[in-house]
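Visitor: Those sequence lines, one after another, are chains S, W, A and Y. As numbered in our numbering, residues 3 to 292 make up the first sequence, in order. As numbered in our numbering, residues 3 to 292 make up the second sequence, in order. As numbered in our numbering, residues 3 to 292 make up the third sequence, in order. As numbered in our numbering, residues 3 to 292 make up the fourth sequence, in order. By construction, the Cβ of each residue, glycine as well, lies at the ideal position given by its N, Cα and C atoms. Below is the structure I would like to discuss, written out as structure tokens.
Protein chains: 4
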Amino acid sequence: MGPCDYISIAFTSFSARPLENTRSHARAGITLPRGTGEMPKREREDEQFYVRVGQTLANGETCIGRWPHDGPCSPDEVALLLIDFQKDFCHPDGYLAKVGGDLKPAQKAVKKVMPVLEAARDAGVMVFHTREGHRPSLIDLSKYKKWRSCMAGAEIGMTSQTGSKFLVRGSPGWEIIPELAPIEGEEVFDGPGYDKFMHTDLEHCLRCAGIKYLIVAGLTTEVCVSSTIRGATERGFECLLVTDGTAGSDEHLCSAHIKTMLVEGGIFGTISDAIGVCAALKRVQMASID
Amino acid sequence: MGPCDYISIAFTSFSARPLENTRSHARAGITLPRGTGEMPKREREDEQFYVRVGQTLANGETCIGRWPHDGPCSPDEVALLLIDFQKDFCHPDGYLAKVGGDLKPAQKAVKKVMPVLEAARDAGVMVFHTREGHRPSLIDLSKYKKWRSCMAGAEIGMTSQTGSKFLVRGSPGWEIIPELAPIEGEEVFDGPGYDKFMHTDLEHCLRCAGIKYLIVAGLTTEVCVSSTIRGATERGFECLLVTDGTAGSDEHLCSAHIKTMLVEGGIFGTISDAIGVCAALKRVQMASID
Amino acid sequence: MGPCDYISIAFTSFSARPLENTRSHARAGITLPRGTGEMPKREREDEQFYVRVGQTLANGETCIGRWPHDGPCSPDEVALLLIDFQKDFCHPDGYLAKVGGDLKPAQKAVKKVMPVLEAARDAGVMVFHTREGHRPSLIDLSKYKKWRSCMAGAEIGMTSQTGSKFLVRGSPGWEIIPELAPIEGEEVFDGPGYDKFMHTDLEHCLRCAGIKYLIVAGLTTEVCVSSTIRGATERGFECLLVTDGTAGSDEHLCSAHIKTMLVEGGIFGTISDAIGVCAALKRVQMASID
Amino acid sequence: MGPCDYISIAFTSFSARPLENTRSHARAGITLPRGTGEMPKREREDEQFYVRVGQTLANGETCIGRWPHDGPCSPDEVALLLIDFQKDFCHPDGYLAKVGGDLKPAQKAVKKVMPVLEAARDAGVMVFHTREGHRPSLIDLSKYKKWRSCMAGAEIGMTSQTGSKFLVRGSPGWEIIPELAPIEGEEVFDGPGYDKFMHTDLEHCLRCAGIKYLIVAGLTTEVCVSSTIRGATERGFECLLVTDGTAGSDEHLCSAHIKTMLVEGGIFGTISDAIGVCAALKRVQMASID
């Protein structure tokens, strides 16, 4: 990768508006290498370039959060993780609609995530996609999961009216929607679980790729997104959830799970909206063009 | 284990009142205990003794859930899992109060769980306890967790006014409260994570002990309880959350996380209140006395 | 599954010849199949039909092992696990030959495993296959693994003389050899690791399928076979290694790793040769035909 | 940590004698920071300070290996991992002797590891200890492990002639031998498994501490040492096994497992003897004194 900027995002409130006055950190140049016996002087850098939590901003608001927590990181260490943007969770004949989910929030989230995905690609930030899906034999479908999906009206593995088998790999409904479909060079992770770190090689790939920070968007907030962010946190990845880039079966649950991110000082990481994330990603892109 | 009954719980609504008219299986001669060489005849038993989902009950209500989903199980396969009932999450000088949590819900939950614990012990159901806590060296405290707990007002590892180090093993605040403290024969699992299956031998012990079903209560609903139930579900354990035996930093979040259990037909298992769980456990006990 | 026999294997020595005089359990009326509502009466059966460890056999030899350790199990609980029988480990242009491995042992092992695979299929025992392989992007190839394979003469991901990329998914050399290729209904597990339980859904699938016992054969003994058997043992699966159905880069290492199975009373399970395993599988098949 | 040297070890043969002429890398000063867009110029550094694999050394021998594989690392990233140096594996009344293990190799290994431990402490390299052991309730002892240890003559959990319960936490035989006992600041990991990454918080602690490289010694080579090195490799830690700092129940097995480290270009890492490791650790210490 060529010369590049650092990623950093700061917030003024729980609605997570991006800070207009967050300055770029390009060419800070004062960070010393690990292994020389000196740690990068992040505190000093902070004073000069970085908004501190609690600091009064130019617009009079108070900065209440930042990500990553300890100062800007290299874009090489960041990935955009898009969770289960599959037809089965977005389309009227899909699994989510059949188990009683409202599709409008998902469709709104897709629109918000599209520019984030574009900005990540432009900035050279890695993109990972996940798909919930079972082997066609359904050997990986527990009796309980089969039963509860049946009770809810969309038994996993059964054929819907449109001929797709709910959440079965290779079935049309299992595909990622075209708006957010992976392009060459973007990895996809298939698994039967809600936490995408379980039963997949996601952790292994993130570690091999040197990723430490995850920008997360996806479906559904209360199930796979929450479980995956929890799994990431247990494994030491620092997460940022795109608040308007996630949706679930119910807006109240969705909002509660977003709030849960922030309890106890940010127990599962932090949040931003799509505009804030795009702005940070664009600063990276511009710096790398210079 | 001597002769014993099976555990089963049925519900009429999302508020999870226990069904008064759920009949005891104590003297159902055909449901013999594990170990006698005969498995229960589940299909037949179901028709005769067991409330089906969707069935109209004597009181006119409709049964909307049962646990385990596929019929009664042996008490040998069930464990009561009590999560983080530590002073740090219940006392005014503890960690949770310092990060802004309301203690009243936790204190109410403790009262509800006490009879559940007693009933489990009387019924011979295994009890497992967990404690969130870090090694005194804090080597297992990630930089992020340290930072966010500091931001929230109770940096993990720091000494509180009463001389306890927040969430440090061996510190007074880290101990389980006396009301729910483990007794001889009950295992305790210490870990630095929220999902108690991570970084511990919990899964290994549950499997060695033949446990398949977990009755879960604990603190806090939105963090460790939710994460652990998710972790259990990924690993194939079927969970029942005691709705009034769990509490968190905020009642709205708590309620949302309980509701999340039930989306998509019961994605993370099912729920009951303490009275319902006690009733099921007492049926086991009575049968084993006969 | 229809009526069926139980699987059991007994041994007289570390060379693991099958016991000629091990009696079939096919018509042991008291060992009924799982699902009829009756469990086998293991203690009594043991006395009458089952060879005990330490017992003197008709041929004067002493029985030194049996599998499963606690008496026969249902074929539904057993799987045959075939590890990495890929062209890259069997063919002269493949990865193993290029890193200096001798192919003759692998080719001999293939011949021994063919009848075992056939017997498992005939007996209705589940078959699982694994493939070592990396994503075409090589994102899951650690810098170390890339480097050491390069040092050894077959850098993973590089194109061989015959146009196949070493150990890359989708490449000709990565395919399972035709003699042991999976057929419809047999699952395949792809992963970048040596322990096939790491970074895959193998454990999840085995648990969903109710598998408790693994008959293991594959390549190479000292790497993937040993690592996978260790991984299985940690997770509570009881393993039997087919001694002449496994091979590695060096016969001395292979033999040492087979011996390692048996230290400390069978630390990683037990062993048998292909003839012994076939005989046990055929008894199952015959019983199910009756 | 103050100013310090890098760790590097080079070898001339599989007997892994340390290279006398490996020069110190202290104050190389040419490594650029991660995040500036430039990777450290390891290749150039290599030419000047570092022995390449294949290079002819001053003494006429050929360098056949180095660790870490891609050039020197910071001592902060290295840990010494001492596996199961417990009385049960070293003393005549302990578990290993009772299952037929020869104790002399273990006792020789202890003598070799003592100076390594001292050198690591002097160099400020972190030290981690493990203990194999079960909870006093034996709930974490699988039926199979209990049975096979019984067959081998030392049933885990049973009381030996000297009053210690084999491999039970808190029992005298389970303690680490005084010669290698942990001191203040050194963490100990207790688990029921052979791979110390399973059912423990070892991985979590290593990651929190920033450890990437492991120098491994311990008992027994063929069981816990091999399993743990395999587990470390799957998780991306780069291992060096101290060849004369490990021992097992049988010298032939031990030697085969050491050789296995090196197949396919060093599949599980590399090896050195205690003298080589001490020399590398002393260079670190000297540099930090300057």
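#1: Report yes if the C-beta of Cys-241/A is less than 7 Å from at least one heavy atom of the ligand GDP; otherwise report no.
#2: Does chain S have any CB closer than 8 Å to the CB of Gly-126/Y?
#3: Buried or exposed for Lys-145/W, going by 16 or more other Cβ atoms inside 10 Å?
#4: Mind checking whether Asp-95/S and Thr-164/S have CB atoms under 8 Å apart?
#5: Quick check: the Cα distance between Pro-174/W and Lys-167/W, rounded to an integer number of angstroms?
#6: Check whether chain W comes within 8 Å of Ser-144/Y, counting only Cβ atoms and requiring the distance to be less than that.
#7: Give me the residue from Asp-197/W, Ser-251/W, Asp-246/W and Gly-268/W with the minimum Cα distance to Ala-234/W.
#8: Please state whether the Cβ-Cβ distance between Ala-122/S and Leu-216/S is less than 8 Å.
#9: Measure the alpha-carbon distance for Phe-199/Y versus Thr-230/Y and round it to whole angstroms.
#10: Going by beta-carbon coordinates alone, are Val-127/W and Val-244/W separated by less than 8 Å?
#11: Since Ile-260/Y is in the alpha helix (DSSP H), which residue starts that stretch and which ends it?
#12: Pop quiz: Ile-179/W and Val-112/W are said to be a contact at Cβ under 8 Å. What is the actual Cβ separation, rounded to whole angstroms?
#13: Can you find a C-beta in chain Y that's less than 8 Å from the C-beta of Leu-283/S?
#14: Which residues in the same chain have their Cβ closer than 7 Å to the Cβ of His-136/W, if we skip the five residues on either side of it in sequence?
#15: Residues of chain A with CB closer than 9 Å to the CB of Gly-238/W, please, in chain order.
#16: Ordered along the chain, which non-local residues of its own chain (more than five positions away) have a Cβ less than 6 Å from that of Ala-154/S?
#17: Would you kindly report the start and end of the unbroken beta strand (DSSP E) that includes His-131/W?
#18: Whose Cβ in chain W lies nearer than 8 Å to the Cβ of Glu-189/Y?
#19: Count the other CB atoms, across all protein chains shown, that sit within 10 Å of the CB of Lys-106/W; report buried if there are 16 or more and exposed otherwise.
#20: Which stretch, first to last residue, makes up the alpha helix (DSSP H) that contains Ile-231/S?
#21: Specify whether the region 254-271 of chain S and the region 248-260 of chain W touch according to this definition: at least 3 beta carbon pairs, one from each stretch, less than 8 Å apart.
#22: By Cβ distance, which residues of its chain are closer than 8 Å to Phe-191/W, with the 5 residues on each side in sequence left out?
#23: Mark Ile-185/Y as exposed unless 16 or more other C-beta atoms lie within 10 angstroms of its C-beta, in which case mark it buried.
#24: Would you mind reading off the limits of the alpha helix (DSSP H) that contains Ala-154/Y?
#25: Would you grab the beta carbon distance between Gln-88/S and Glu-177/S for me? Rounded to a whole angstrom, and I think it's under 8 Å.
#26: Cβ closer than 9 Å: which chain A residues qualify as neighbours of Gly-172/S?
#27: So what does Thr-248/Y bridge to, in DSSP terms?
#28: Using the beta-carbon of each residue, which ones in chain S are nearer than 9 Å to His-71/W?
#29: With 8 Å as the limit, tell me which residues of the region 82-104 of chain W have their beta carbon closer than that to any beta carbon of chain Y; keep them in chain order.
#30: Gly-247/W and Ala-219/W: beta carbons closer than 8 Å?
#31: In chain W, what lies closer than 8 Å to His-201/Y by C-beta?
#32: Would the beta-carbon of Cys-226/S fall within 8 Å of that of Asp-86/S?
#33: I'd like to know if Gly-268/A contacts chain Y, where contact means its C-beta is closer than 8 Å to some C-beta of that chain.
#34: Count the other C-beta atoms from every protein chain shown that fall within 10 angstroms of the C-beta of Asp-275/S, then say buried if there are 16 or more, exposed otherwise.
#35: Distance, Cα to Cα, Ser-151/S vs Gln-109/A?
#36: Please report whether the beta-carbon of Tyr-196/A lies at a distance below 8 Å from any beta-carbon of chain Y.
Guide: Inspection of the coordinates gives the following:
#1: This structure lacks the ligand GDP; in fact it carries no ligand of any kind.
#2: Taking Cβ atoms only, chain S never reaches closer than 8 Å to Gly-126/Y, which makes this a no.
#3: Exposed: under 16 other Cβ atoms inside 10 Å.
#4: Cβ distance < 8 Å, so Asp-95/S and Thr-164/S count as in contact.
#5: Approximately 8 Å between the Cα atoms of the pair.
#6: Output row for Ser-144/Y: interface = yes.
#7: The option with the nearest alpha carbon to Ala-234/W is Asp-197/W.
#8: In this structure, Ala-122/S keeps its C-beta atom at 8 Å or more from the C-beta atom of Leu-216/S.
#9: If I take the Cα positions, the gap works out to 7 Å.
#10: In this structure, Val-127/W keeps its C-beta atom at 8 Å or more from the C-beta atom of Val-244/W.
#11: Taken as a continuous stretch (DSSP letters only), the alpha helix (DSSP H) holding Ile-260/Y covers 253-262.
#12: By a beta-carbon distance limit of 8 Å, Ile-179/W contacts Val-112/W. Their separation comes to about 7 Å.
#13: No - not a single Cβ of chain Y is within 8 Å of the one on Leu-283/S.
#14: Within the same chain, His-136/W has close Cβ partners Asp-142, Leu-143, Ile-158, Gly-159, Leu-169, Val-170, Arg-171 and Pro-194.
#15: Those within 9 Å of Gly-238/W in chain A are His-206, Arg-209 and Cys-210.
#16: Cβ within range, chain order: Val-101.
#17: Annotation for His-131/W: the continuous beta strand (DSSP E) segment containing it runs 128-134.
#18: Residues of chain W passing the Cβ test: Arg-137, Ser-139 and Ile-141.
#19: Answer is exposed; the Cβ neighbour count stays below 16.
#20: Ile-231/S -> alpha helix (DSSP H) spans 228-236.
#21: Yes, the region 254-271 of chain S is in contact with the region 248-260 of chain W.
#22: If we look at Phe-191/W and ignore the five residues flanking it on each side, its Cβ neighbours are Phe-130, His-131, Thr-132, Arg-133, Lys-198, Thr-202, Asp-203, Leu-204 and Cys-207.
#23: With fewer than 16 Cβ atoms within 10 Å of its Cβ, Ile-185/Y is classed as exposed.
#24: From DSSP, the alpha helix (DSSP H) with Ala-154/Y extends over 145-154.
#25: Contact flag correct, Cβ pair sits at about 6 Å.
#26: Simply none; closest approach about 14 Å.
#27: According to DSSP, Thr-248/Y bridges with Gly-220/Y.
#28: Near His-71/W (Cβ distances below 9 Å), the residues of chain S are Lys-145, Tyr-146, Trp-149, Arg-150 and Met-153.
#29: Across the region 82-104 of chain W, no CB contact with chain Y closer than 8 Å is found for any residue.
#30: Cβ atoms of Gly-247/W and Ala-219/W: closer than 8 Å.
#31: In chain order: Thr-202, Asp-203, Glu-205 and His-206.
#32: If you check the CB distance, Cys-226/S and Asp-86/S come in under 8 Å.
#33: Answer yes: the Cβ-Cβ gap between Gly-268/A and chain Y drops below 8 Å somewhere.
#34: The residue in question, Asp-275/S, is buried, as its Cβ has 16 or more Cβ neighbours within 10 Å.
#35: Distance between the alpha carbons of Ser-151/S and Gln-109/A: 46 Å.
#36: Flagged as an interface residue toward chain Y: Tyr-196/A, by a C-beta distance shorter than 8 Å.
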